[in-house]
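Before any comments, here is the structure.
Protein chains: 4
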Amino acid sequence: MKVYNPDFKSRVEKYLQRQEFMKHIGFNLDVIEAGRTEGKLTLEKKHLQQKGYAHGGLVATLADITAGFAAYTLVPDDHNVVTGEIKVSYFQPGIGQELHVKGWVIKPGRKINFCEAEVWCTNHDRKTLIAKATASMVTIFPEDTKR
Amino acid sequence: MKVYNPDFKSRVEKYLQRQEFMKHIGFNLDVIEAGRTEGKLTLEKKHLQQKGYAHGGLVATLADITAGFAAYTLVPDDHNVVTGEIKVSYFQPGIGQELHVKGWVIKPGRKINFCEAEVWCTNHDRKTLIAKATASMVTIFPEDTKR
Amino acid sequence: MKVYNPDFKSRVEKYLQRQEFMKHIGFNLDVIEAGRTEGKLTLEKKHLQQKGYAHGGLVATLADITAGFAAYTLVPDDHNVVTGEIKVSYFQPGIGQELHVKGWVIKPGRKINFCEAEVWCTNHDRKTLIAKATASMVTIFPEDTKR
Amino acid sequence: MKVYNPDFKSRVEKYLQRQEFMKHIGFNLDVIEAGRTEGKLTLEKKHLQQKGYAHGGLVATLADITAGFAAYTLVPDDHNVVTGEIKVSYFQPGIGQELHVKGWVIKPGRKINFCEAEVWCTNHDRKTLIAKATASMVTIFPEDTKR
Numbered sequence: 343m344k345v346y347n348p349d350f351k352s353r354v355e356k357y358l359q360r361q362e363f364m365k366h367i368g369f370n371l372d373v374i375e376a377g378r379t380e381g382k383l384t385l386e387k388k389h390l391q392q393k394g395y396a397h398g399g400l401v402a403t404l405a406d407i408t409a410g411f412a413a414y415t416l417v418p419d420d421h422n423v424v425t426g427e428i429k430v431s432y433f434q435p436g437i438g439q440e441l442h443v444k445g446w447v448i449k450p451g452r453k454i455n456f457c458e459a460e461v462w463c464t465n466h467d468r469k470t471l472i473a474k475a476t477a478s479m480v481t482i483f484p485e486d487t488k489r
Numbered sequence: 343m344k345v346y347n348p349d350f351k352s353r354v355e356k357y358l359q360r361q362e363f364m365k366h367i368g369f370n371l372d373v374i375e376a377g378r379t380e381g382k383l384t385l386e387k388k389h390l391q392q393k394g395y396a397h398g399g400l401v402a403t404l405a406d407i408t409a410g411f412a413a414y415t416l417v418p419d420d421h422n423v424v425t426g427e428i429k430v431s432y433f434q435p436g437i438g439q440e441l442h443v444k445g446w447v448i449k450p451g452r453k454i455n456f457c458e459a460e461v462w463c464t465n466h467d468r469k470t471l472i473a474k475a476t477a478s479m480v481t482i483f484p485e486d487t488k489r
Numbered sequence: 343m344k345v346y347n348p349d350f351k352s353r354v355e356k357y358l359q360r361q362e363f364m365k366h367i368g369f370n371l372d373v374i375e376a377g378r379t380e381g382k383l384t385l386e387k388k389h390l391q392q393k394g395y396a397h398g399g400l401v402a403t404l405a406d407i408t409a410g411f412a413a414y415t416l417v418p419d420d421h422n423v424v425t426g427e428i429k430v431s432y433f434q435p436g437i438g439q440e441l442h443v444k445g446w447v448i449k450p451g452r453k454i455n456f457c458e459a460e461v462w463c464t465n466h467d468r469k470t471l472i473a474k475a476t477a478s479m480v481t482i483f484p485e486d487t488k489r
Numbered sequence: 343m344k345v346y347n348p349d350f351k352s353r354v355e356k357y358l359q360r361q362e363f364m365k366h367i368g369f370n371l372d373v374i375e376a377g378r379t380e381g382k383l384t385l386e387k388k389h390l391q392q393k394g395y396a397h398g399g400l401v402a403t404l405a406d407i408t409a410g411f412a413a414y415t416l417v418p419d420d421h422n423v424v425t426g427e428i429k430v431s432y433f434q435p436g437i438g439q440e441l442h443v444k445g446w447v448i449k450p451g452r453k454i455n456f457c458e459a460e461v462w463c464t465n466h467d468r469k470t471l472i473a474k475a476t477a478s479m480v481t482i483f484p485e486d487t488k489r
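So the protein lines, in turn, are chains A, B, C and D. Quick note on the working numbering: the first sequence kicks off at 343 and runs consecutively. Quick note on the working numbering: the second sequence kicks off at 343 and runs consecutively. Quick note on the working numbering: the third sequence kicks off at 343 and runs consecutively. Quick note on the working numbering: the fourth sequence kicks off at 343 and runs consecutively.
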């Protein structure tokens, strides 16, 4: 995929430091490549819903973060990315110790990067795909913010 | 809408106390009616993304919670509800002091309650619709969990 | 809603004449207002799926057409509109004699018009909401097509 | 994937003969496997929208058909399948001579088969992924229809 900003990794890392909600959740990215990011989250009590499963909103948040930053890796340095829409399908309850989240650009584009994300849950020695997301990540051009 | 459990409000309130992720975020419901819930969130630094806007994952989480509990008000006491899928469209960046979230069942059903949710952001004296969600809330029957 | 092309109705009508797939289906618009269109379809055998209900693809097509042309009414004359994505939720099987479809822009925007659409089915004297759609209608600028 | 009806292919073929809307469009399935179907469509004038591209509603219809019948291959003979919801993302305009559509079950389940579909367009010697869909295909149990 075409990369406009060869220094995309530093840019994403800078933004991660300012991602207050992500830090509040305790998530971080450990893979930042062109058109692709990944991260892991150790499940704690604070992440759960009333039945003891990983909260659906948590799962949606992690999918949004990995997909959104995957789009960020492909845009020029003076452009930004916002989520236009995201759909998350929940295949299984998230029961286990760790979530592994992968986001990627499936169709790059100047105005919209179409992205997908997968959320896997590790329960002891078994890893299950618990959710999948599709999203339209909209590029914000420098001239958009001057309006 | 048909209510199978007249005591739905106590049930939802009991679940709210166990909603660890919701408590971690600082959200709560102040309206719990048949087929409808609402809640408010005071925006703090921990809720923001790198640009200082309310995080998209936060917005998705609040939409999921209000829509999911709206579905809960309509199911029998021994039934449960899980999110099958949710789509969130982001209309505006969430800039302001408070989010007001409304979730409701638009089409009740035995197996699926189709729901919608709106997220409004108050910035001083102006209230803006910043996101809207649609979701399929799937009913879990007692016999499902015995499998 | 802001209208850039006061002659939007003529433009939409011109496009309707070239909408071969819409004509093949037998649908037409009878309301074309700023940010809103509506149309009706008399259900015939050719519109049905294997159980005798209105085909889900037909329902999605009508939602896409009304929502897309609702967006068209708001863009400048030298701009175009394409569907970025659409989600359709099916509430009820479409059993009856006529479909009534309404599409509108819920949040106008320079680059994306967020739209919704409803599909109602009339069965003798009863009218039921059988499906609802949400869509991102993407504006194509003159400079986009020069690339 | 677990198959409850070993004779699923005959069942799907029987339904295809009754799919009036599919026949009206001119589409047919040429691959019917457990959890997967595929089909091709020769693009004609009747399939196009006002700009001469394959109509978005057509694309959504073909995605719905292949995903829905993929789900049908996995359910017992006395069960049925309806589309609960489908989201289609449009990556590219459909310009060419033929569409190739693939639908599959990504996560089988007793009540919901989560499905995906891809629509490819062949333009002379180049084949492009023009759209991707995700859908919740809901199983209708024999007892559901007795209500």
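Quick reminder that beta carbons are idealized off the backbone N, C-alpha and C, glycines included. For clarity, every value in this text was computed on a predicted model and none was experimentally measured.
- Task: With DSSP as the reference, please indicate the residues paired to Thr464 of chain C in a beta bridge.
- Result: Against the third sequence, residue 464 of chain C aligns to sequence position 122. Residue pairing for Thr464 of chain C: DSSP places it in a beta bridge opposite C:Glu440, C:Lys469.
- Buried or exposed: where does Asn455 of chain C fall if 16 or more other Cβ atoms within 10 Å of its Cβ makes it buried? For the purposes of this step, residue 455 of chain C is taken as residue 113 along the third sequence, with counting starting at 1. Result: buried.
- Using a Cβ cut-off of 7 Å, which residues of the segment 404 to 415 of chain A contact any Cβ in chain B, in chain order? Of all residues in the segment 404 to 415 of chain A, Asp406, Ile407 have a Cβ within less than 7 Å of some Cβ in chain B.
- Message: With the cut-off set at 7 Å, would you say Ile367 of chain A and Val354 of chain A are in Cβ contact?
- Response: Within the first sequence, the letter at position 25 stands for residue 367 of chain A. Within the first sequence, the letter at position 12 stands for residue 354 of chain A. Inclusion of Ile367 of chain A and Val354 of chain A in the CB contact set at 7 Å is not warranted, their separation being larger than that value.
- Name, please, each residue of chain B whose Cβ falls closer than 7 Å to the Cβ of Lys429 of chain C. Position 87 of the third sequence, counted from the first residue, corresponds to residue 429 of chain C. What Lys429 of chain C touches in chain B: Lys429, Thr476.
- Task: Return helix, strand or coil for Met364 of chain A, following the three-state DSSP convention.
- Result: Here residue 364 of chain A corresponds to residue number 22 of the first sequence, with the count starting at 1. Helix.
- Min CB distance Lys449 of chain B to chain C below 7 Å: The count along the second sequence starts at 1 and reaches residue 449 of chain B at position 107. So yes, Lys449 of chain B belongs to the interface.
- Item | Cross-chain neighbours of Val424 of chain A in chain C, by beta carbon under 8 Å | Taking the first residue of the first sequence as position 1, residue 424 of chain A is located at position 82. Within 8 Å of the CB of Val424 of chain A, no CB atom of chain C is found; the nearest one sits about 10 Å away.
- Query: Quick one: which chain B residues come within Cβ less than 9 Å of Lys344 of chain D?
  - Reply: Along the fourth sequence, one-based indexing puts residue 344 of chain D at 2. Going along chain B, no residue has its Cβ under 9 Å from Lys344 of chain D, so there is no contact; the nearest lies around 13 Å.
- Item | Inter-residue spacing [alpha-carbon to alpha-carbon] between Ala475 of chain B and Phe433 of chain B | Position 133 of the second sequence, counted from the start, is the residue given in the question as residue 475 of chain B. Position 91 of the second sequence, counted from the start, is the residue given in the question as residue 433 of chain B. Those two C-alpha atoms are separated by around 11 Å.
- Below 7 Å between beta carbons is the criterion; list the residues of the segment 351 to 369 of chain B that meet it against any residue of chain D, in chain order. Listed by position along the chain: nothing, the set is empty.
- Message: I'd like to know whether the C-beta of Gln434 of chain D is nearer than 7 Å to at least one C-beta of chain C.
- Response: Reading the fourth sequence from its first residue, position 92 is the one you call residue 434 of chain D. The beta carbon of Gln434 of chain D does not come within 7 Å of any beta carbon belonging to chain C, so the residue lies off that interface.
- Query: In three-state terms, what does DSSP make of Lys429 of chain A?
  - Reply: Against the first sequence, residue 429 of chain A aligns to sequence position 87. Lys429 of chain A sits in a strand when the DSSP states are folded into three classes.
- Backbone CA spacing between Tyr414 of chain A and Gln392 of chain C [nearest angstrom]: For the purposes of this step, residue 414 of chain A is identified with residue 72 of the first sequence, where counting begins at 1. For the purposes of this step, residue 392 of chain C is identified with residue 50 of the third sequence, where counting begins at 1. The alpha-carbon separation between Tyr414 of chain A and Gln392 of chain C amounts to approximately 45 Å.
- Query: Helix, strand or coil: how does DSSP classify Val373 of chain A here?
  - Reply: Numbered from 1 along the first sequence, position 31 holds the residue referred to as residue 373 of chain A. In the structure shown, the three-state DSSP call for Val373 of chain A is strand.
- Message: Considering Cα atoms alone, identify which of A:Cys463, A:Glu427, A:Lys344 is closest to Lys382 of chain A.
- Response: As a working note, residue 382 of chain A is residue 40 in the first sequence. Residue A:Cys463 holds the alpha-carbon nearest to the alpha-carbon of Lys382 of chain A among A:Cys463, A:Glu427, A:Lys344.
- Which first and last residues belong to the alpha helix (DSSP H) in which Thr408 of chain C is found? Here residue 408 of chain C is taken as the residue at index 66 of the third sequence, counted from 1. Start and end: 398 to 414.
- Item | Heavy atom of the ligand GTP within 6 Å of Glu458 of chain C beta-carbon | Absence of the ligand GTP is noted for the structure shown, with no ligands found whatsoever.
- Query: What number of angstroms, rounded off, separates the C-alpha of Lys387 of chain A from the C-alpha of Ala473 of chain B?
  - Reply: Taking the first residue of the first sequence as position 1, residue 387 of chain A is located at position 45. Taking the first residue of the second sequence as position 1, residue 473 of chain B is located at position 131. Distance from the CA atom of Lys387 of chain A to the CA atom of Ala473 of chain B, rounded to whole angstroms, is 28 Å.
- Name the chain D residues that come within less than 9 Å of Lys488 of chain B, Cβ to Cβ? Taking the second sequence and counting its residues from 1, one reaches residue 488 of chain B at position 146. Near Lys488 of chain B there are no residues of chain D at all, since even the closest Cβ is about 12 Å away, more than 9 Å.
- Task: Ignore the nearest five residues each way along the sequence and tell me which others in Gln361 of chain A's own chain have a CB closer than 8 Å to its CB.
- Result: For this step, residue 361 of chain A is matched to residue 19 along the first sequence. Only Ile407 meet the Cβ criterion.
- Taking all protein chains shown into account, decide if Glu460 of chain C is buried (16 or more other Cβ within 10 angstroms of its Cβ) or exposed. Taking the first residue of the third sequence as position 1, residue 460 of chain C is located at position 118. By the 10 Å Cβ count, Glu460 of chain C comes out buried.
- Message: Quick check on the burial criterion: 16 or more other C-beta atoms within 10 angstroms. Buried or exposed for Tyr395 of chain B?
- Response: Translated into positions along the second sequence, residue 395 of chain B becomes position 53. Tyr395 of chain B comes out buried.
- Message: Would you say Lys382 of chain B lies against chain A (beta-carbon separation less than 7 Å)?
- Response: Locating residue 382 of chain B in the second sequence gives position 40, where the first residue counts as 1. By this cut-off, Lys382 of chain B is not an interface position.
- Residues of chain D with a CB under 9 Å from the CB of Val417 of chain B: which are they? Numbered from 1 along the second sequence, position 75 holds the residue referred to as residue 417 of chain B. Per Cβ cutoff of 9 Å: no residues; Val417 of chain B is ~14 Å from chain D at best.
- Flag this pair as yes or no: are the beta carbons of Gly398 of chain A and Met343 of chain A separated by less than 7 Å? In the first sequence, residue 398 of chain A corresponds to position 56, counting from 1. In the first sequence, residue 343 of chain A corresponds to position 1, counting from 1. No, the pair does not count as a contact, with Cβ atoms beyond the cut-off.
- Message: So that I know if they touch, is there some Cβ in chain A lying closer than 7 Å to that of Phe483 of chain D?
- Response: For the purposes of this step, residue 483 of chain D is identified with residue 141 of the fourth sequence, where counting begins at 1. Not one beta carbon of chain A lies nearer than 7 Å to the beta carbon of Phe483 of chain D.
- Item | chain C within 7 Å of Leu441 of chain D, Cβ atoms only | By 1-based counting over the fourth sequence, the position of residue 441 of chain D is 99. No, no contact with chain C.
- Of all the options B:Pro435, B:Trp446, B:Gly445, B:Thr384, which has the alpha carbon lying nearest to the alpha carbon of Thr470 of chain B? Along the second sequence, one-based indexing puts residue 470 of chain B at 128. Thr470 of chain B has its Cα closest to that of B:Pro435, out of B:Pro435, B:Trp446, B:Gly445, B:Thr384.
- Query: Can you list, in chain order, the residues of its chain whose CB lies under 7 Å from that of Gly410 of chain B, leaving out five sequence neighbours each side?
  - Reply: Within the second sequence, numbered from 1, the residue matching residue 410 of chain B stands at position 68. Excluding positions up to five away in sequence, the list reads Val423, Thr425, Met479.
- Whole-angstrom distance between Asp420 of chain D and Glu485 of chain D, CA atom to CA atom: As a working note, residue 485 of chain D is residue 143 in the fourth sequence. As a working note, residue 420 of chain D is residue 78 in the fourth sequence. Cα atoms of Glu485 of chain D and Asp420 of chain D: separation of roughly 10 Å, rounded to the nearest angstrom.
- Task: Quick one: residues in its chain with C-beta nearer than 6 Å to the C-beta of Val443 of chain D, no 5 flanking neighbours on either side, listed in chain order?
- Result: For the purposes of this step, residue 443 of chain D is identified with residue 101 of the fourth sequence, where counting begins at 1. Gly381, Leu404, Thr408, Val461, listed in sequence order.
- Message: Going by beta-carbon coordinates alone, are Cys347 of chain D and Pro418 of chain D separated by less than 7 Å?
- Response: Translated into positions along the fourth sequence, residue 347 of chain D becomes position 5. Translated into positions along the fourth sequence, residue 418 of chain D becomes position 76. The amino acid at residue 347 of chain D is misidentified as Cys; the sequence shows Asn. Their beta carbons are under 7 Å apart, which means Asn347 of chain D touches Pro418 of chain D by this criterion.
- Message: Counting only C-beta atoms, is Ala459 of chain D closer than 7 Å to chain C at any point?
- Response: For this step, residue 459 of chain D is matched to residue 117 along the fourth sequence. Not an interface residue.
- Message: Counting only C-beta atoms, is Lys453 of chain C closer than 7 Å to chain F at any point?
- Response: Of the protein chains in this structure, namely A, B, C and D, none is chain F.
- Message: Please tell me whether Lys388 of chain A has its Cβ less than 7 Å away from any Cβ of chain B.
- Response: Along the first sequence, read from residue 1 onward, the residue named residue 388 of chain A stands at position 46. Chain B, which has a Cβ nearer than 7 Å to the Cβ of Lys388 of chain A, makes this yes.
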